[in-house]
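A.B. asks: Let me begin by handing over the structure; questions about it come next.
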Amino acid sequence: MEDERRLLLSYFYVFSNPHYGGDPFLLHECQRLGSQYCKRFNDRGMDSEYNELNNDTLISEIISRVDEDTFLSYFNSHKENIKCHRDFFGRYYTLLCKEKVLENSSVWYKKREEIENILSKYPGDAIKVLSAIYYVSVEKGTRFKNYYMVKTEAESLGFSGKNWFKILSELQLAGIIPSYDYKDLEIHEEIAPLIGEILNR
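Each residue of the sequence shown is one higher than the one before, counting from 0 in numbering that gives the first Met the number 0.
Written as structure tokens, this is what we have:
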């Protein structure tokens, strides 16, 4: 659950280091919550000794100070500060960008059905493509500019080469991989455990 909270804060808030032109919103919230670490930094993300704000530490400081109910209330009361790039489908939390409402519920059962339908629609091939994306982006940790690595891995698993783009398109529509282009074929982090369960059944 804490991992998903961390992802939600890092993915959906504009909190890039203020020193490089980011929004200091999360820094202000961290200071308001009483973090001595965050209180060291100005709005440019620098302390008196010119040390830069560490975003991971910032998020940890916030998460350690709020319980589940507070996190939900806090998140949903600051919609104007959410930069929602894509829907979030976690084991514990769901966030739909259109509504910008975070719920402590899961739609994994629906996602499982969608994935199973894709695997059934392209028998043999879809599971090899999904396995290749999972292996490269999750197990090996190569999440960016990995298109050819994934395709090579799929072929090594016996992928026939048919319906490559159709399979990728359906995985995009299901919210499993990014929708902006094909050069970064990664499994979204919050749904990776579900994909692992399906592939290892």
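Built from N, CA and C at the ideal position, the CB exists for glycine as well.
For a minimum of 4 consecutive residues, which ranges assigned as the alpha helix (DSSP H) are wholly contained in the segment 81 to 148?
C.D. replies: Segments of the alpha helix (DSSP H) lying fully in the segment 81 to 148: 107 to 120 and 124 to 133.
A.B. asks: Please determine if the segment 166 to 181 and the segment 106 to 124 are in contact, where contact requires at least 3 C-beta pairs separated by less than 8 Å.
C.D. replies: Flag = yes, the segment 166 to 181 and the segment 106 to 124 touch.
A.B. asks: Verify whether the separation of the beta carbon atoms of L57 and C29 is less than 7 Å.
C.D. replies: Yes, Cβ-Cβ distance for L57 and C29 is below 7 Å.
A.B. asks: Tell me which residues share the same chain as L198 and place their Cβ nearer than 8 Å to its Cβ, disregarding the 5 neighbours each side in the sequence.
C.D. replies: Cβ neighbours of L198 beyond the five flanking positions: I126, L129, S130 and Y133.
A.B. asks: Within the chosen definition, does the segment 140 to 151 reach the segment 189 to 196 through at least 3 CB pairs nearer than 8 Å?
C.D. replies: Counting Cβ pairs under 8 Å, fewer than three are found: no touch.
A.B. asks: Give me whichever residues DSSP pairs with E225 in a beta bridge.
C.D. replies: Missing from the structure shown is residue 225; the chain here goes from 0 to 200 and no further.
A.B. asks: With the cut-off set at 7 Å, would you say E185 and S136 are in Cβ contact?
C.D. replies: In contact: E185 and S136 (Cβ atoms closer than 7 Å).
A.B. asks: Taking 7 Å as the cut-off, decide whether the C-beta atoms of F87 and V106 are in contact.
C.D. replies: Contact: no.
A.B. asks: Exposed or buried, which one is R200 when buried takes at least 16 other CB atoms within 10 Å?
C.D. replies: Exposed, because fewer than 16 other Cβ atoms sit within 10 Å of the Cβ of R200.
A.B. asks: Go ahead and pull the three-state DSSP assignment for P177.
C.D. replies: In the structure shown, P177 sits in coil (DSSP, three-state: anything other than H, G, I, E or B).
A.B. asks: Where E48 and S159 are concerned, what is the direct C-alpha to C-alpha distance, given to the nearest angstrom?
C.D. replies: Distance between the alpha carbons of E48 and S159: 58 Å.
A.B. asks: Taking the straight line between their C-alpha atoms, what separation do you get for K99 and Q35?
C.D. replies: Roughly 30 Å between the two C-alpha positions.
A.B. asks: Tell me the rounded alpha-carbon separation between N75 and E1.
C.D. replies: The alpha-carbon atoms of N75 and E1 are separated by roughly 17 Å.
A.B. asks: Do you know offhand how far I166's Cα is from I117's?
C.D. replies: Spanning the two alpha carbons is a distance of roughly 7 Å.
A.B. asks: Between K182 and the rest of its own chain, which residues show a CB-CB distance below 6 Å, the 5 nearest in sequence each way excluded?
C.D. replies: Same-chain partners within the cutoff: K144 and Y146.
A.B. asks: What does the alpha-carbon distance come out to for the pair N162 and K78?
C.D. replies: If you take the alpha carbons of N162 and K78, they lie about 39 Å apart.
A.B. asks: Can you name the start and end residues of the alpha helix (DSSP H) that R31 belongs to?
C.D. replies: Here the alpha helix (DSSP H) through R31 covers F24 to R31.
A.B. asks: According to DSSP, simplified to helix, strand and coil, what is E3?
C.D. replies: Helix at E3.
A.B. asks: So for F14, helix, strand or coil by DSSP?
C.D. replies: Residue placement at F14 cannot be trusted, given a pLDDT of 48 that sits under 50; the coordinates are not used to answer.
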